[in-house]
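Engineer: Okay, here's the structure, questions in a sec.
Number of protein chains: 2
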Amino acid sequence: MKTLNLDLGKNSYPIYIGQDLLSQPDYLTKHISGKQVMIVSNTTVAPLYLDKVQTLLGNYTVACVILPDGEAYKTLDTVNQIFTALLEARFDRSCTLIALGGGVVGDMTGYAAASYQRGVNFIQIPTTLLSQVDSSVGGKTGVNHALGKNMIGAFHQPKCVLIDVDTLDTLDERQYSAGLAEVIKYGLLGNADFFVYLQKNIDNLMRRDKALIVKIVYQSCVDKADIVAQDELESGKRALLNFGHTFGHAIENTLGYGVYLHGEAVAVGMLMATALSAVEGFISNKDINQVKDLLQKANLPTSINSKIDYQNFIDAMRVDKKTINGEVRLVLMKKIGQAFISNAYQPQNLEQIIKDFL
Amino acid sequence: MKTLNLDLGKNSYPIYIGQDLLSQPDYLTKHISGKQVMIVSNTTVAPLYLDKVQTLLGNYTVACVILPDGEAYKTLDTVNQIFTALLEARFDRSCTLIALGGGVVGDMTGYAAASYQRGVNFIQIPTTLLSQVDSSVGGKTGVNHALGKNMIGAFHQPKCVLIDVDTLDTLDERQYSAGLAEVIKYGLLGNADFFVYLQKNIDNLMRRDKALIVKIVYQSCVDKADIVAQDELESGKRALLNFGHTFGHAIENTLGYGVYLHGEAVAVGMLMATALSAVEGFISNKDINQVKDLLQKANLPTSINSKIDYQNFIDAMRVDKKTINGEVRLVLMKKIGQAFISNAYQPQNLEQIIKDFL
Numbered sequence: 001m002k003t004l005n006l007d008l009g010k011n012s013y014p015i016y017i018g019q020d021l022l023s024q025p026d027y028l029t030k031h032i033s034g035k036q037v038m039i040v041s042n043t044t045v046a047p048l049y050l051d052k053v054q055t056l057l058g059n060y061t062v063a064c065v066i067l068p069d070g071e072a073y074k075t076l077d078t079v080n081q082i083f084t085a086l087l088e089a090r091f092d093r094s095c096t097l098i099a100l101g102g103g104v105v106g107d108m109t110g111y112a113a114a115s116y117q118r119g120v121n122f123i124q125i126p127t128t129l130l131s132q133v134d135s136s137v138g139g140k141t142g143v144n145h146a147l148g149k150n151m152i153g154a155f156h157q158p159k160c161v162l163i164d165v166d167t168l169d170t171l172d173e174r175q176y177s178a179g180l181a182e183v184i185k186y187g188l189l190g191n192a193d194f195f196v197y198l199q200k201n202i203d204n205l206m207r208r209d210k211a212l213i214v215k216i217v218y219q220s221c222v223d224k225a226d227i228v229a230q231d232e233l234e235s236g237k238r239a240l241l242n243f244g245h246t247f248g249h250a251i252e253n254t255l256g257y258g259v260y261l262h263g264e265a266v267a268v269g270m271l272m273a274t275a276l277s278a279v280e281g282f283i284s285n286k287d288i289n290q291v292k293d294l295l296q297k298a299n300l301p302t303s304i305n306s307k308i309d310y311q312n313f314i315d316a317m318r319v320d321k322k323t324i325n326g327e328v329r330l331v332l333m334k335k336i337g338q339a340f341i342s343n344a345y346q347p348q349n350l351e352q353i354i355k356d357f358l
Numbered sequence: 001m002k003t004l005n006l007d008l009g010k011n012s013y014p015i016y017i018g019q020d021l022l023s024q025p026d027y028l029t030k031h032i033s034g035k036q037v038m039i040v041s042n043t044t045v046a047p048l049y050l051d052k053v054q055t056l057l058g059n060y061t062v063a064c065v066i067l068p069d070g071e072a073y074k075t076l077d078t079v080n081q082i083f084t085a086l087l088e089a090r091f092d093r094s095c096t097l098i099a100l101g102g103g104v105v106g107d108m109t110g111y112a113a114a115s116y117q118r119g120v121n122f123i124q125i126p127t128t129l130l131s132q133v134d135s136s137v138g139g140k141t142g143v144n145h146a147l148g149k150n151m152i153g154a155f156h157q158p159k160c161v162l163i164d165v166d167t168l169d170t171l172d173e174r175q176y177s178a179g180l181a182e183v184i185k186y187g188l189l190g191n192a193d194f195f196v197y198l199q200k201n202i203d204n205l206m207r208r209d210k211a212l213i214v215k216i217v218y219q220s221c222v223d224k225a226d227i228v229a230q231d232e233l234e235s236g237k238r239a240l241l242n243f244g245h246t247f248g249h250a251i252e253n254t255l256g257y258g259v260y261l262h263g264e265a266v267a268v269g270m271l272m273a274t275a276l277s278a279v280e281g282f283i284s285n286k287d288i289n290q291v292k293d294l295l296q297k298a299n300l301p302t303s304i305n306s307k308i309d310y311q312n313f314i315d316a317m318r319v320d321k322k323t324i325n326g327e328v329r330l331v332l333m334k335k336i337g338q339a340f341i342s343n344a345y346q347p348q349n350l351e352q353i354i355k356d357f358l
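So the protein sequences, as listed, match chains A and B. Letter by letter, the first sequence follows residues 1 to 358 of the UniProt record's numbering. Letter by letter, the second sequence follows residues 1 to 358 of the UniProt record's numbering.
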């Protein structure tokens, strides 16, 4: 078991990463201060792991709310179901929410915790690779709006993140690959050695070597924690974590949430950002091929197999939290492992890349 | 014009209090950092003051959203209308929201600002006495849930509060009196001299002497700012500001929001808390009469003129943010001008007081 401490002053918390952690109550219970615990899960994950988590909480008043599964339900209405469950259970400000599931459950549970009675404690137990390496760490919470992804939310840090990689045993191949997209992202945006490591080990990763999974989850969390600790509220460097995401969000938004998994859309988006970085003269076509090759070996899409209108796509890109006074800022690469935020790209290059992919 | 600085470290902000402030752009514009401004108002206030505020913002991209008026609309659905307006206007993280209206508009605008893109700037321009002396100051934002008042929200401090007491010229008598309830609250909970001052000046206040109004608004904000500065996130002393509110919220909740104005429900609630403080042996019946007399001179209700079921009332009291592990904590008075938080009262005394008033 590895422990990583995310250093955010009074908002600091540990991230526990290992196998069989859901059989050991202490990791969880030492971060619960009150007596009331609400477990939030979904219809897919609850049948698999809810009993196991409840067993760890014998001494608490435990209630559960089971949400529908999928990005399409990541809405204010679904979060309101959590508020209703909390109020029906008469839970007060001393309660703790536990998110048991993937990124959608984590994002909504975190936002519910940020908003219920103006803020209660919460804990993340991410059960997908994508949420283990990305969304459960860093305190970004929220929901989608019909007009834009993740447009409503809060920064609200958990009390701990409990990553039991054994929960990946029940994750299907498509979801697993989608998680690898975010792992590859850390290599591209800031860690060239990690990118090379992933290239060397991709076959064993696809065979789900558990020791290797612990290593890459840990390294992803280290890289993310490092950036978040420098910029908790995303006023600068944290935006690098959005590498590939402005394109990816536009894919999800124009095709409709759920057609591509988030990680799949990010994979295509990262390749678009890579291609734009090449056209802008920062990296070579060989670099593009390396990125494309690794994504393909991870069983991730590298093109869009549906028709999207160019204008709709660029409009969707403008609804991005990095946009300032109407100007779309993008995360590009100077080289593999060195990303930067730019508004100085040529608009016609952006247009060309989008049209190449649509 | 008086300026009061609310000292909250990096969240500090000024409160401007005076006449004719809505004719002077600088108070507003020096607290707007981006170029995009969304004014949020309601169907009652917008026809009176929206033009005036828009005139101050000639150099900005200004959009407006006009909400329905009333506590019944203080919901997540109405806040979602603000998100929709912001996204339709393509406003980004650099935008500023301006709340132009009473407490309901201020609470919803503040919560929308806390949540839009995980947090944007906002400014309060309160136009009712109640919001000028209470809800616009201190950063509490949020909405009601069908199962409880103010159960969903965030602590999110404005960049400034602009209180133009001339806006009270258009406030009807009932709303004006409701505001006085919160003014009287500051005397009761922590400022005996102010209570005496209000007793002496209540007739001139009811005649709406403008210089006197500036004084009592200023003093109310001073008293509130003092408590908020000591306890921004309500982990202790700030709960004193809820004097009368646990009872008041239960009145609003059981009768339905809008039957009593918030300040009216608080007036009755303060008298109930006063009566309980007397039965508990802290204050005298003479004190009760002084409180009742001042409330009556301010044209505020001192009894409930509708039938409420006792069990419903006590259930509604339990849904209160001061409740911890199921135990209802109340704000009582040791003497007039000295409130404290207690869970040590006799339950049968509480039951008796509720039954006396129902």
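Cβ atoms here follow ideal geometry from the backbone N, Cα and C, with glycine treated the same way. On a predicted model such as this, the values are computed, not experimentally measured, just so you know.
1) Residue range of the beta strand (DSSP E) that B/Lys-297 falls in?
2) Quick one: residues in its chain with C-beta nearer than 8 Å to the C-beta of B/Ser-94, no 5 flanking neighbours on either side, listed in chain order?
3) Starting from B/Asn-121, trace the beta strand (DSSP E) both ways and give me its first and last residue.
4) I need the straight-line Cα distance from A/Tyr-73 to B/Gly-102, nearest angstrom please.
5) Report the option in B/Met-270, B/Glu-264, B/Glu-280, B/Met-317 whose CA atom is closest to the CA atom of B/Asn-305.
6) Under 9 Å, do B/Lys-149 and B/Tyr-27 count as touching if we go by C-beta distance?
7) Who are the Cβ neighbours of A/Asp-134 in its own chain at under 6 Å, not counting the five residues just before and after it?
8) I'd like the ranges of any alpha helix (DSSP H) spanning at least 4 consecutive residues and lying wholly in the region 134-207 of chain A.
9) Only counting the same chain, and skipping five residues up and downstream in sequence, which positions put a Cβ closer than 6 Å to that of B/Val-228?
10) Starting from the beta carbon of A/His-145, find every residue of chain B whose beta carbon is closer than 8 Å, and list them in chain order.
11) Drop a sphere of 10 angstroms on the beta-carbon of A/Asn-285, count the other beta-carbons inside from all chains shown, and report buried for 16 or more, exposed for fewer.
12) Could you spell out where the alpha helix (DSSP H) holding B/Thr-254 opens and where it closes?
13) For a contact meaning CB atoms closer than 7 Å, what does A/Ile-152 contact in chain B?
14) What's the gap between the Cα of B/Lys-215 and the Cα of B/Asp-209?
15) Short of 6 Å in beta carbon distance, which residues of its chain neighbour B/Lys-297, apart from the five on each side in sequence? Order them along the chain.
16) Among residues of its own chain, excluding the 5 on either side of A/Leu-8, which ones have a beta-carbon nearer than 7 Å to its beta-carbon?
17) Distance, Cα to Cα, A/Gln-24 vs A/Tyr-60?
18) By DSSP, does B/Ile-82 sit in helix, in strand, or in coil?
19) For the ligand GTP, is there any heavy atom lying closer than 8 Å to the beta carbon of A/Gln-230?
20) With 16 as the cutoff for other CB atoms within 10 Å, does A/Glu-71 come out buried or exposed?
21) Cα separation between A/Leu-162 and A/Leu-180?
22) Identify each residue in the region 27-40 of chain B for which the Cβ-Cβ distance to at least one residue of chain A is less than 9 Å, and report them in chain order.
23) Comparing C-alpha positions only, which one of B/Val-104, B/Asp-315, B/Val-143, B/Leu-330 sits nearest to A/Phe-83?
24) Residues of chain A with CB closer than 7 Å to the CB of B/Leu-76, please, in chain order.
25) For B/Asp-164, does the count of other Cβ atoms within 10 angstroms reach 16, so buried, or fall short, so exposed?
26) Scan the UniProt domain "3-dehydroquinate synthase C-terminal" (179-323) of chain A for residues whose Cβ lies nearer than 7 Å to a Cβ of chain B and list them as they occur along the chain.
27) Would you kindly report the start and end of the unbroken beta strand (DSSP E) that includes B/Gly-18?
28) Under a three-way DSSP split, which group does B/Gly-106 fall into?
29) To the nearest angstrom, how far is it from the Cα of A/Ala-211 to the Cα of A/Asp-172?
30) Under 9 Å, do A/Val-291 and A/Met-270 count as touching if we go by C-beta distance?
Structural biologist: A quick look at the data gives this:
1) Counting along the chain, no beta strand (DSSP E) covers B/Lys-297; the unbroken alpha helix (DSSP H) around it starts and ends at 285-297.
2) Ser-33, Gly-34, Lys-35, Gln-36, Val-120
3) 121-126
4) 33 Å
5) B/Glu-264
6) No Cβ-Cβ contact shorter than 9 Å links B/Lys-149 with B/Tyr-27.
7) Taken in chain order, the residues that qualify are Glu-182.
8) 173-190, 192-206, all fully within the region 134-207 of chain A.
9) Closer than 6 Å at Cβ, skipping near neighbours: Gly-138.
10) Asn-80, Phe-83, Thr-84, Leu-87
11) exposed
12) 245-255
13) Phe-83, Ser-115, Tyr-116
14) Going by the C-alpha atoms only, they are around 10 Å apart.
15) Ile-202
16) Excluding positions up to five away in sequence, the list reads Gln-157, Ala-229, Glu-232.
17) 16 Å
18) helix
19) You won't find the ligand GTP in this model; it holds no ligand whatsoever.
20) A/Glu-71 is buried by the Cβ-count criterion.
21) Taking the straight line from one Cα to the other gives about 19 Å.
22) Gly-34, Lys-35, Gln-36
23) B/Val-143
24) Leu-76, Asn-80
25) Its Cβ being crowded by 16 or more others within 10 Å, B/Asp-164 is buried.
26) Going along the UniProt domain "3-dehydroquinate synthase C-terminal" (179-323) of chain A in chain order, one finds Arg-318, Val-319, Lys-321, Thr-323 with a Cβ nearer than 7 Å to chain B.
27) Residues 13-18.
28) The answer is helix: DSSP assigns B/Gly-106 an H, G or I state.
29) 19 Å
30) In this structure, A/Val-291 lies near A/Met-270, with their beta-carbon atoms less than 9 Å apart.
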